[in-house]
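Undergrad:
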Amino acid sequence: MNDEIYPVPTSWAQEAKIDAARYAADYARSLSDSSGYWLEQAKTLNWITPPTLADESSFAEADFGVRWFADGVLNVSANCLDRHLATRGDQVAIIWEPDSPDAAPRHITYAELHADVCRLANVLKAQGVRKGDRVTLYLPMIPEAAVAMLACTRIGAIHSIVFGGFSPDALAGRITDCDSRIVITADEGRRGGKAVPLKANVDAAAELVTCLDAVIVVQVTGGDVPMKTGRDHYYADVMAAVSLDCPPEPMSAEDPLFLLYTSGSTGKPKGVVHTTAGYLLWASLTHNLVFDYRDGDIFWCAADVGWVTGHSYIVYGPLANGATTLMYEGVPNWPTPARIWEVVDKHKVNQIYLAPTALRALMREGDSFVMQTSRASLKLLGTVGEPINPEAWRWYHEVVGQGRCPIVDTWWQTETGGHMISPFPGATALKPGSATVPFFGVEPKLVDADGKILEGAAEGNLVITRSWPGQMRTVWGDHERFFQTYFSTYPGTYFTGDGCRRDGDGYYWITGRVDDVINVSGHRMGTAEVESALVLHRSVAEAAVVGFPHDIKGQGIYAYVTLNVGEEPTDELRQKLVKWVRMEIGPIATPDALQFTPGLPKTRSGKIMRRILRKIAEGDVSSLGDTSTLADPSVVDDLIANRVS
Ligand code: 6R9
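One rule links them: number in my numbering = place in the sequence shown (from 1) + 2.
As structure tokens, then:
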């Protein structure tokens, strides 16, 4: 690690919402007087009935549960829209930048967004959607995605967004798991000049599920898609048929707001459930303080709404704060690697929030694409999704930010709802590669493999020892799995699945996942999911998948495959299998390397020794450790000899 320190710029220390003294005082209070602190923060939301209760959570098995502000009543869409109408109805809520730089951007005011949300809420009602029902959204990056999210919250329906890059199979699995009757999609999406066949994927998914009876289709490209009579409706048609009067449904603080499927180390992706008040407070407070958002600022989170980052920092956090949020339809490097910075100039973006993988890809193209733009509007830079290597950090700071802009490297997870460990730009000196310090109310600890708490400078597994408002509440349909996955490893704590180092200054350095989750371009992929897809193929007997370091993606996917008797390990089959995984899960799961092997390294009890597979995939074959417990140690030589590089 390095000892480079970037002090807080004087102007930031003087003017930021949170300076060093305020951070120290508020952090201490958030732990010592949790109820007082959080009931006060809760006043930043607009309540129908304000809460008198704050944290009632327990991580212990006997009385396990996560609960915040339980006696409060509110509505999320009213917080994101209605309460702003009197003061900022004509202010732009969403700036939409289309895929093609030649197409016209859209500017949608709070008043316009409110009207569309009310209309779509009435459409959902007319389709029979009631409070508590699940609505699947399979949409490209268009304003209608935000409209659909907020329309669900207006009537108390629970949205489940499925990223547009997921396959029909993956979509079908998610529709079935939460028993969703209705899907909102688009004819096609547009990304980097290419069309994404969303409606066709929904049609294919519909063949695999039994619960679906309505599909609403936004026309984006105007592509010719078959419409099934009685089931499929064009968005424009149904929107024109309803009124724009729809009062917000009063919701209990702990009513589910949305579910979002995410990969874990075992089994199928799980539906992470977030609830109404705690999540909204967490998304809005972190957005306000970590990005030091000011009235009038243009905020750009360049994630997809299909991931939690898009939920919290394109839609809920910014809109709850009355911000102007930029939504970008396309990809960072199209038509040229200057696009991101051109969009910054075009819309005078003040804060930008990106994944390290995008930075590394752009950095590789050289500085000239950055230098040809001004970026004078930028005040602050953010990163999320994976550890940022100090080289990319410095490039972001020096070249993109011209040394003027603090970087907030925000560590958090789908499960946490929003930022957990992150610098405050006016309070925290920065160290490239460190997510630095905990947010208010967050109590991180490091434990060793036995669960012993490590003090001071140390390296171990990252756990959180008390609840925070934005914490997930359950796994959809499987509360036991929620407990088992996160609270059984180190009893009494929430286990993040991440390894972490804490230095002598108390700064946290996330080192990456310690479970069988790999982080590909900032997206989580369970190795078990890729393995299940591979063994579904009739040629495959067994598969083991591990991550390996990848220059751009952070981690790549390395698959070891044993074939059924009689199958030939040809290049053609290799390509077929790579394509197969792509079809089964989606492009983000495409293996970067696939090695055929006559056997996998297993212990005598039949457990695959992934440690060895990881080392070989990394190309680090000199330190394989003890292989004597393997049932057949000779497989290792074969694995090394036939390594794919
Ligand atoms: C928000 C999001 C969560 C996992 C997490 C960790 C990694 C996220 C990070 C980071 C280092 C950061 N991660 N932010 N690692 N530094 N600033 O990404 O959610 O998709 O659920 O992924 O991503 O490994 O456990 P999610």
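Here a beta-carbon is modelled for each residue, glycine too, at the ideal position from N, C-alpha and C.
For S636 and V547, I'd like the C-alpha separation in whole angstroms.
TA: 20 Å
Undergrad: For the ligand 6R9, I want to know if R526 counts as a neighbour, meaning its beta carbon is within less than 6 Å of at least one of the ligand's heavy atoms.
TA: Yes - the ligand 6R9 has a heavy atom lying nearer than 6 Å to the Cβ of R526.
Undergrad: How many angstroms separate the CA atom of A206 from the CA atom of V137?
TA: 18 Å
Undergrad: Do you know whose CA, among Y355, I354, K348, lies nearest S376's CA?
TA: K348
Undergrad: Within a Cβ cutoff of 6 Å, which residues of the same chain sit near N290, ignoring the five residues on either side of it in sequence?
TA: Counting only residues of its own chain and dropping the five nearest sequence neighbours on each side, N290 has a CB closer than 6 Å to the CB of N323.
Undergrad: Return the CA-CA distance between M3 and E209, expressed in angstroms with no decimal places.
TA: For M3, the pLDDT reaches just 49, beneath the cut-off of 50, and the residue's location in the model is therefore unreliable, leaving the point undetermined.
Undergrad: Would you identify the three-state DSSP class for K581, choosing helix, strand or coil?
TA: K581 sits in a helix when the DSSP states are folded into three classes.
Undergrad: Should P440 and L283 be called a contact, given that it needs their Cβ atoms to be closer than 7 Å?
TA: no
Undergrad: Shorter than 6 Å, the distance from the beta carbon of T327 to the closest heavy atom of the ligand 6R9, or not?
TA: no
Undergrad: Tell me whether F286 sits in a helix, a strand or coil according to DSSP, three-state version.
TA: Looking at the sequence itself, residue 286 is Ser, so the reference to Phe does not match. It is helical.
Undergrad: If I measure Cβ to Cβ from P100 and keep anything under 6 Å in the same chain, skipping five residues before and after, which residues do I get?
TA: Hits under 6 Å: E331.
Undergrad: Which ranges does the beta strand (DSSP E) cover as unbroken runs of at least 3 residues, wholly within the segment 392–432, from first to last along the chain?
TA: 409–412
Undergrad: Can we count P389 as close to the ligand 6R9, meaning its CB is less than 6 Å from some heavy atom?
TA: yes
Undergrad: What residue range does the alpha helix (DSSP H) around S13 cover?
TA: 12–17
Undergrad: Which residue or residues does DSSP assign as beta-bridge partners of T564?
TA: E544
Undergrad: Quick check: A128 and I186, are their CB atoms within less than 7 Å of each other?
TA: no
Undergrad: Taking the DSSP output, what are the residues bridged to E63?
TA: Looking at the DSSP assignment, E63 forms no beta bridge with any residue, so it has no partner.
Undergrad: Looking only at its own chain, which residues have a Cβ that is under 6 Å from the Cβ of C303, when we skip the five neighbours before and after it?
TA: The beta carbon of C303 sits closer than 6 Å to those of Y315, I316, Y355, all from its chain and outside the five residues before and after it, given in chain order.
Undergrad: Considering only the alpha carbon of each residue, which of G232, V10, R645, K201 lies closest to D215?
TA: G232
Undergrad: Can you list, in chain order, the stretches of the beta strand (DSSP E) that have 3 or more residues and sit fully within the segment 569–626?
TA: 595–598
Undergrad: Helix, strand or coil, according to DSSP, for R377 in the structure here?
TA: coil
Undergrad: Kindly indicate the opening and closing residues of the alpha helix (DSSP H) around E6.
TA: That residue, E6, is in no alpha helix (DSSP H); it is neither H nor E in DSSP.
Undergrad: Between which two residues does the beta strand (DSSP E) holding M527 run?
TA: That run of the beta strand (DSSP E) goes 525–528.
Undergrad: By the 10 Å Cβ neighbour count, where 16 or more other Cβ atoms means buried, how is L364 classified, buried or exposed?
TA: buried
Undergrad: Do the CB positions of D57 and S541 come within less than 7 Å of each other?
TA: No. Outside cutoff.
Undergrad: When the Cα of D507 is compared with those of F484, G501, G458, which residue comes out closest?
TA: Out of F484, G501, G458, G458 has the C-alpha closest to the C-alpha of D507.
Undergrad: Within a Cβ cutoff of 7 Å, which residues of the same chain sit near P107, ignoring the five residues on either side of it in sequence?
TA: Here the set comprises I97, W98, E99, P100.
Undergrad: How big is the Cα-Cα spacing for G319 and V386?
TA: 15 Å
Undergrad: Classify Q43 as buried or exposed, calling it buried when 16 or more other Cβ atoms lie within 10 Å of its own Cβ.
TA: Result: buried.
Undergrad: For R192, count neighbouring C-beta atoms within 10 Å of its own C-beta (all shown protein chains included) and say buried if the count is 16 or more, exposed if not.
TA: buried
Undergrad: Starting from the C-beta of Y295, find all residues in its chain whose C-beta is less than 8 Å away, skip the five residues before and the five after it, and write them out in chain order.
TA: H289, F301, P320, N323, A325, Q353
Undergrad: The ligand 6R9 heavy atoms versus the CB of V310: any closer than 6 Å?
TA: Within the cutoff, so yes.
Undergrad: Near T111, what residues of its chain come up, given a Cβ to Cβ distance below 7 Å and the 5 sequence neighbours on each side ignored?
TA: G91, D92, Q93, V94, A95
Undergrad: Provide the residue span of the beta strand (DSSP E) that contains A88, from first to last.
TA: Counting along the chain, A88 falls outside any beta strand (DSSP E), though it belongs to the alpha helix (DSSP H) covering 85–90.
Undergrad: Following the continuous alpha helix (DSSP H) through P358, name the residue where it begins and the one where it ends.
TA: 358–366
Undergrad: State the beta-bridge partners of D57 as determined by DSSP.
TA: W70
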